[in-house]
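Reading through the structure tokens given below for one structure.
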Amino acid sequence: MSAPVLSVVVLSWNTQALTLACLRALFAESPRHAREVIVVDNGSADGSPDAIASAFPQVALLRNAENRLYAAGNNQGAAIAKGEFVCTLNSDTEVRPGALDRLVDFLRENPDHGAAAPKLVDPDGTVQHACQRFPTLATALCFDSWWGTFWPGSRIQARYLMRDFDHLTSRDVDQPPGACFLMRLAEWRELGGLDEELSLFYNDVDLSRRLRDRGRRTRYLADVEVMHHRGASTRNFAKMLVIWHKNRFAYYGKHYGAIGRLWIRACVRLRIWEEWWKIGRRHRANRGLRDAERAHLKKAASELWS
-19 MSAPVLSVVV LSWNTQALTL ACLRALFAES PRHAREVIVV DNGSADGSPD AIASAFPQVA
41 LLRNAENRLY AAGNNQGAAI AKGEFVCTLN SDTEVRPGAL DRLVDFLREN PDHGAAAPKL
101 VDPDGTVQHA CQRFPTLATA LCFDSWWGTF WPGSRIQARY LMRDFDHLTS RDVDQPPGAC
161 FLMRLAEWRE LGGLDEELSL FYNDVDLSRR LRDRGRRTRY LADVEVMHHR GASTRNFAKM
221 LVIWHKNRFA YYGKHYGAIG RLWIRACVRL RIWEEWWKIG RRHRANRGLR DAERAHLKKA
281 ASELWS
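Per the numbering used here, residue -19 is the first one in the sequence shown, and the count goes up by one each step.
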């Protein structure tokens, strides 16, 4: 068998049906560029590893005893990859025929680009507006307070979320949808892959930013389509919000230094204070509900600062 051009790394965690559908889509076509598929199962308890091994014995299956989260799991898969290119592909996606070949073609034809990503669509074909610009200190303030609902905060928010872009044309972007992200394996390894301190969130943002910092561009290709069920794994993860905020702290500290760490923590504290006040107003006539919601908020805050 010839060496693969593309290594596809699929991370699976308690998404058996979706992971099997993802793999069926990958193996439903005969790709122009030889590929290998690596599945990293992050300690699933729904029988995923055995189901994958039975239905797709040709994949390289790594079985983790526990959930190592997104960054570590993808790094684990990429560590054994043999392709010229590596694609991190969420288990809740289904690639359209030819999609990955066209991403490879683009990077081969455009050596000044460091990464490429496709258009994502819902199962009903609705285009997902998932590209974003890199978050700034102003983004954090507007995201975590009522200032983001009024001008100029609302304009800062809209710019960050790229609401000026309909996602129907191809263009260079700061950070494309992370559900399907393709780059050269050699460059992945030069950069050290995903930062595992950003265990579940912001790791794709950080990788895109590190590519940009070395003068590499990232291309969003609107004529390449991948279907995506949004958040199939993370919606079932109980501590998601706490980890999301902790990963934000780490991202801002990494890219904005001590000022970034202090700033993002101040913004989150502001958000907590606002929520505390809103709970009081919402349950002004019901002390029991007010105290219960505030106790829940206090518990989440204590986990966040621990």
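Think of the CB as a built atom: it goes at the ideal place given N, C-alpha and C, for glycine as much as any other residue.
Which residue's Cα is closest to the Cα of residue i: the options?
i, options, result
"Y236", "G260, I259, A120", "A120"
"D154", "A166, D146, D175, D184", "D184"
"P115", "T(-1), G173, A138", "A138"
"S28", "E16, V39, S10, A(-3)", "A(-3)"
"A14", "A272, D81, K219", "D81"
"F145", "G172, R169, G173, H109", "H109"
"P(-16)", "E16, T106, R262", "E16"
"M292", "E283, R194, R251", "Residue 292 is absent from the structure shown; the chain starts at -19 and stops at 286."
"L69", "W257, L100, W131", "L100"
"A1", "A166, V75, V(-12), R270", "V75"
"N54", "R270, N22, A275", "N22"
"S(-13)", "K62, H276, A31", "K62"
"V107", "A202, H263, S10, S134", "A202"
"K234", "D186, W256, G268, D193", "D186"
Would you check if the distance between the CB atom of residue i and the CB atom of residue j is smaller than 7 Å?
i, j, result
"W(-7)", "S34", "no"
"L178", "N227", "yes"
"A5", "G173", "no"
"T(-5)", "V206", "no"
"V(-11)", "P98", "no"
Need the endpoints of the beta strand (DSSP E) that residue i sits in, please.
i, result
"A35", "Careful: A35 lies outside any beta strand (DSSP E), inside the alpha helix (DSSP H) at 28 to 35."
"K279", "Careful: K279 lies outside any beta strand (DSSP E), inside the alpha helix (DSSP H) at 267 to 285."
"L(-14)", "-14 to -8"
Apart from the five residues just before and just after residue i, which ones in its own chain have a Cβ nearer than 8 Å to its Cβ?
i, result
"Q56", "V20, L42, N44, R48"
"I60", "I18, A40, L42"
"R164", "E64, F65, V66, L87, G94"
Within the same chain, show all residues whose beta-carbon is closer than 6 Å to that of residue i, passing over the 5 residues directly before and after it, in chain order.
i, result
"L117", "W243"
"I223", "L180"
"L3", "F36"
"G128", "C122, Q137"
How would you write the range of the alpha helix (DSSP H) that residue i sits in, first residue to last?
i, result
"V153", "That residue, V153, is in no alpha helix (DSSP H); it is neither H nor E in DSSP."
"E89", "79 to 89"
"D186", "183 to 193"
In its own chain, which residues sit with a C-beta less than 7 Å from the C-beta of residue i, not counting the 5 before and 5 after it?
i, result
"D152", "R197, T198, R199"
"Q112", "Y140, L141, M142, D154, Q155"
"A281", "I252"
How big is the Cα-Cα spacing for residue i and residue j?
i, j, result
"A238", "Y232", "9 Å"
"R241", "K278", "21 Å"
"N266", "P77", "56 Å"
"A272", "R249", "20 Å"
"H263", "W285", "26 Å"
I'd like to confirm something about residue i: is its beta-carbon nearer than 6 Å to some heavy atom of the ligand ZN, or not?
i, result
"A95", "What this structure holds is no ligand at all, so the ligand ZN is not there to describe."
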